[in-house]
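Step one of this worksheet: look at the structure below.
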Amino acid sequence: MGIQEIVEQALRNGYLTPTQEAEVGRICDKATELSVEEYMALDRLMGALLTGQVVAVPRKQFINVMEELVLTEAITRIAVIEAEQDCALDLGDIAAYALNRLPPLYATTEEGAQYQRQRAEEELMELIRAQVQEAINHSMARPQFHPERSVLGKTSGKEVVSQVSSLLQSYATDYERPTGETAR
């Protein structure tokens, strides 16, 4: 989708989604020279954002607790398999395969997330384990499935560390540093 289409859609809808925002950034980063029309579209978008005609939708106001549960299970199982066998499994492929076969468990508050975790532990853990195992079996049966694929949101090492740090901070809000340890 081009910049002009994104801007028209944002103006029509009154909001700019995180996906649209990322696409505008990607186009601007890759384009060595934008056309006059593209610059004009960007100018219209900037004006609409500044006046409030278009609002940028916040990145994430909710979480899917099922993602956290599937990742935990998948990481545990993959570590065992990779230690025992000479293979490398793709965590993203395995998690996506399992998540596509499991019900989402969305929450907007920490209390809601805790409720969803407890519910899943009581009612869904066997299903989660089964779907992760099926995903691993599927992955191991087709290890070179479309090797030319381009990974979503591929990031550098520094970005990954930053993302993990942010994730840990959001989940460990009550964590206290041991005495004598200072923040960096």
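Note that full-length UniProt numbering has the sequence shown beginning at 1, numbered continuously upward. A virtual CB, placed ideally from N, CA and C, is assigned to each residue, including glycine. Small disclaimer: the values here were computed from a predicted structure and weren't measured.
With a threshold of 16 other CB atoms inside 10 Å of the CB of residue i, please say whether the residue is buried or exposed.
i      : result
Glu111 : exposed
Tyr15  : exposed
Glu82  : exposed
Ser35  : exposed
Ala130 : exposed
Ile3   : buried
Leu91  : exposed
Ala95  : buried
Ala88  : exposed
Ala41  : buried
With residue i and residue j assumed to form a contact (beta carbons below 8 Å), what rounded beta-carbon distance in angstroms separates them?
i      : j      : result
Ala56  : Leu49  : 7 Å
Ala10  : Val54  : 5 Å
Gln61  : Thr19  : Going by Cβ atoms, the distance from Gln61 to Thr19 rounds to 15 Å, so no, they are not a contact pair.
Ala98  : Ala74  : 7 Å
Val80  : Ile128 : Not a contact, Cβ separation roughly 16 Å.
Tyr115 : Asn64  : The pair is not a contact, with the Cβ atoms about 14 Å apart (cut-off 8 Å).
What does the alpha-carbon distance come out to for the pair residue i and residue j?
i      : j      : result
Cys28  : Tyr39  : 10 Å
Ala120 : Met66  : 8 Å
Glu123 : Arg117 : 10 Å
Asn13  : Glu37  : 21 Å
Ser156 : Asp93  : Here Ser156 scores only 48 on pLDDT, less than 50, and its place in the model is too uncertain to base an answer on.
Asp86  : Ala135 : 18 Å
Asn100 : Thr76  : 19 Å
Val7   : Leu102 : 35 Å
Gly47  : Glu68  : 39 Å
Ala84  : Ile78  : A small fix is needed here, since residue 84 is Glu in this sequence, not Ala. Roughly 10 Å separates the two Cα atoms.
Ser139 : Glu126 : 20 Å
Asn137 : Asp43  : 50 Å
Residue range of the alpha helix (DSSP H) that residue i falls in?
i      : result
Gln133 : 125-141
Val36  : 36-51
Ala79  : 65-84
Gln61  : No alpha helix (DSSP H) contains Gln61, which DSSP labels as neither H nor E.
Glu8   : 3-13
Glu23  : 18-30
Ala88  : Neither: Ala88 is in no alpha helix (DSSP H) and is coded neither H nor E.
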